[in-house]
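Those sequence lines, one after another, are chains Z and W. So for the first sequence, the working numbering puts the first residue at 5; every next one is plus one. So for the second sequence, the working numbering puts the first residue at 5; every next one is plus one.
There are 2 protein chains.
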Amino acid sequence: MGKYYKDLESCHQRIEQYIHRTPVMSSTLLNEMAGCHLYFKCENFQKGGAYKMRGALNAILQLTDEQKAKGVTTHSSGNFAQAVTLAARSLNIPAYIVMPSSAPSVKVAAVKGYGGNVIICGPTLKDREAMSDKIISETGATFLHPSNDLNVIIGQGTAAYELLQDHPDLDAIITPVGGGGLIAGTCIAADGKQDVYGGEPYAVDDAYRSLKSGKIESNETTDTIADGLKTQLGDINFPIIRECVKEIIRVTEEEIVDAMKLVWERMKIIIEPSSAVTFAACLSSKETFKNKKVGIIISGGNVDLSQLPF
Amino acid sequence: MGKYYKDLESCHQRIEQYIHRTPVMSSTLLNEMAGCHLYFKCENFQKGGAYKMRGALNAILQLTDEQKAKGVTTHSSGNFAQAVTLAARSLNIPAYIVMPSSAPSVKVAAVKGYGGNVIICGPTLKDREAMSDKIISETGATFLHPSNDLNVIIGQGTAAYELLQDHPDLDAIITPVGGGGLIAGTCIAADGKQDVYGGEPYAVDDAYRSLKSGKIESNETTDTIADGLKTQLGDINFPIIRECVKEIIRVTEEEIVDAMKLVWERMKIIIEPSSAVTFAACLSSKETFKNKKVGIIISGGNVDLSQLPF
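In structure tokens:
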């Protein structure tokens, strides 16, 4: 058993009362298309519309009472902002969410709707970090990183942990790779028994290149529809990924859109582009998965319906 | 116990091995918006993407072996065409599907993809009936009506039957009203214990007017986004509807689109416009359902993603 597996078990006990036990869905037709047996863990049905609340909860629940009273903060324009807000609300503690002025108004509204204190800053990462530092010094709030924090990583691993409770005989699991938290957590859950694969857009293939070079690489562009996967790996998740991930499979933008459309049309569930990279990876690497039982983490379903690619 | 309730129980036993037991989903946020507790029976996840296979199976399974060998036929450009094809394929008998030349090519392709023999005819109802008659005389196939056939009606009632097995304490059930098969079957399943409501677009409010006048009324326009609800009631389902349905709630096109968007955005499931009339009816008649436990039959999820209203 890997060194974090017991932590994963405790984490699941710690957070399960606050989250949905999401269903695992299958489609005969998609199985036929992919040539393998697919088990979709539907975190698009999770609270906040994504898996991210798992990690946020695990981190917050381990704060001291004094820390909890001062609240938590993060900077994000995506699903982690909503996740921290929801987790903090569940535990009745303050959440300070720093969002760039460039963030879509629907996302700002969503965080406010969940009761978060939104603080708007300038558009750059530097602006966000400066504003976070200001909030931390003023309020004493604890900063939560969306992917490079061991408690967050272990929390995200509970999605695969539940999938494997339901289907212990899987041969492989595929997750999207953005900041690396989800795939690192999935490695802990697989615990050497399943092959873990990552799906990543060619346009932001930092994880693919990082595994090749052995050090954390950056993206030069962010030109992908998979808006959740533009971030880069961190020094806490990268060693886990490097040790355990079998392969990062890259997919084109067209493959992502086609895979997303197929899942919408055939499974009747809404998944976001970042989640579609996994099924796209399956379709583009049929030999790798041929006749195998493959778990897929559907990471989220937060899509702007007025901006669809089809 | 109503006179068809025992038939409904036998029907469920007869068909359950061929269909999916679809899940019942809920959303805290939609409950808050509607001011009641909603239980969505997700027939969008049913085989063929709609509840229609239930009725088709129940009718086909009661044919004699000789009838089965000669096959079945229907005329439809919608979900019933796919349902009959799928049901016939499950039972390994021929299906002859008459579709008007005006049917969308995606729907023709779907029926062909499921193995149905598609026969294209002219665009009018008369053309379809003439072609059906020709096929019946040539092949000896049995004609299946999508909504005005007692076996089909009872089959459609199994969706509400399963919903009530899972949630026996519901106060009310809402279904969309098109040809009347689903709501009549739901009346049989509710068996006087739940109030049954129908949701119907103002643009095709034949059921609303039929209940007022006491005789089957026709629609003068078909100008609604709810493409499954343009048909009119029949002489077999109308007496059941007239006796048991508490109220038909009419909704505007705007209310349908808003309700559909809310379900997509918040529940992350794809429902077709015809299914959204039920939740729209809930939102437009809040006093009727206040604090009640309300079942909603999500009838289907077959949507052309290139023709979305948002």
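Every residue gets a Cβ at the ideal spot worked out from N, C-alpha and C, and that includes glycine. Values in this document were obtained by computation on a predicted structure and should not be read as measured data.
In this structure HIS79(Z) is buried. Its beta-carbon is surrounded by 16 or more other beta-carbon atoms within 10 angstroms.
Using a CB distance cut-off of 9 Å, LEU287(Z) does not count as an interface residue toward chain W. Secondary structure within the stretch 233-307 of chain Z: the beta strand (DSSP E) runs of 3 or more consecutive residues, fully enclosed, are 249-255, 297-302 (chain order). Between ILE253(W) and LYS296(Z), the alpha-carbon positions lie close to 49 Å from each other. For THR228(Z), same chain residues with a beta-carbon under 6 Å away, outside a window of 5 residues either side, are PRO205, ALA207, VAL208 in chain order.
Residue-level contact by beta carbon fails for LEU186(Z) and chain W, as no gap is shorter than 9 Å. Listed in chain order, the positions of the stretch 48-68 of chain W with a beta carbon within less than 7 Å of a beta carbon of chain Z are ASN48, PHE49, GLY53.
For GLU269(W), at least one C-beta of chain Z is nearer than 9 Å to its own C-beta. Between SER310(Z) and chain W, the shortest Cβ-Cβ separation is below 9 Å. Judged by their CB atoms, TYR118(W) and ILE301(W) are not nearer to each other than the 9 Å cut-off. Annotation for LYS265(W): PHE314 place their beta carbon closer than 7 Å to its own, counting only its chain and skipping 5 residues before and after. Here SER279(W) is buried, its C-beta having at least 16 other C-beta atoms within 10 Å. Beta-bridge pairing by DSSP links PHE44(W) to MET29(W), ILE300(W). Closest by C-alpha distance to THR179(W), out of CYS46(W), ILE97(W), GLU221(W), LEU129(W), is CYS46(W).
In the structure shown, GLY202(W) adopts extended strand secondary structure according to DSSP, grouped into three states.
In the DSSP assignment, TYR100(W) falls within the beta strand (DSSP E) that extends over 99-104. CYS191(W) sits close to VAL249(W), with the two beta carbons spaced by under 9 Å. One Cα belongs to VAL110(W), the other to PRO172(Z), and the distance between them is close to 38 Å. For ALA145(Z), no beta strand (DSSP E) encloses it, and the DSSP letter there is neither H nor E. Non-local C-beta neighbours of ASP308(Z) in its own chain, meaning closer than 8 Å and more than five positions away in sequence, comprise PRO108, VAL110, ordered along the chain.
Not one beta carbon of chain Z lies nearer than 9 Å to the beta carbon of ILE139(W).
Judged by DSSP secondary structure, ALA207(W) falls outside any beta strand (DSSP E); it is assigned neither H nor E. PHE283(W) is outside the set of residues whose beta carbon lies under 9 Å from a beta carbon in chain Z. Taking every protein chain shown into account, the CB of GLY196(Z) has fewer than 16 other CB atoms within 10 angstroms, so this residue is exposed.
For LYS45(W), no Cβ of chain Z is located within less than 9 Å of the residue's own Cβ.
For ILE244(W), same chain residues with a beta-carbon under 6 Å away, outside a window of 5 residues either side, are ALA188, CYS191 in chain order. By the C-beta criterion, the stretch 145-160 of chain W is judged not to be in contact with the stretch 122-134 of chain W, since fewer than 3 inter-stretch pairs fall below 8 Å. Residues of the stretch 247-279 of chain W with a C-beta atom less than 9 Å from some C-beta of chain Z are LYS265, TRP268, GLU269, ARG270, MET271, LYS272, ILE273, ILE274, ILE275, listed in chain order.
GLY120(W) does not reach chain Z, its nearest Cβ partner there being about 16 Å away, counting only Cβ pairs nearer than 8 Å. For ASN121(W), no alpha helix (DSSP H) run applies; the uninterrupted beta strand (DSSP E) run containing it begins and ends at 121-125, by DSSP.
Taking 7 Å as the cut-off between beta carbons, the residues of the stretch 12-33 of chain Z near chain W are PRO27, in sequence order.
Within chain Z, the residues LYS272 have their CB atoms less than 8 Å from the CB of GLY305(W), given in chain order. Contact annotation: GLY203(W) and VAL281(W) have beta-carbon atoms nearer than 9 Å. Listed by position along chain W, the residues whose Cβ is nearer than 8 Å to that of PHE314(Z) are LEU309, SER310. Here ASN35(W) has HIS41, LEU42 as same chain residues with Cβ atoms under 7 Å from its own Cβ, once five neighbours each way along the sequence are excluded.
With fewer than 16 other Cβ atoms inside 10 Å of its own Cβ, LEU33(W) counts as exposed.
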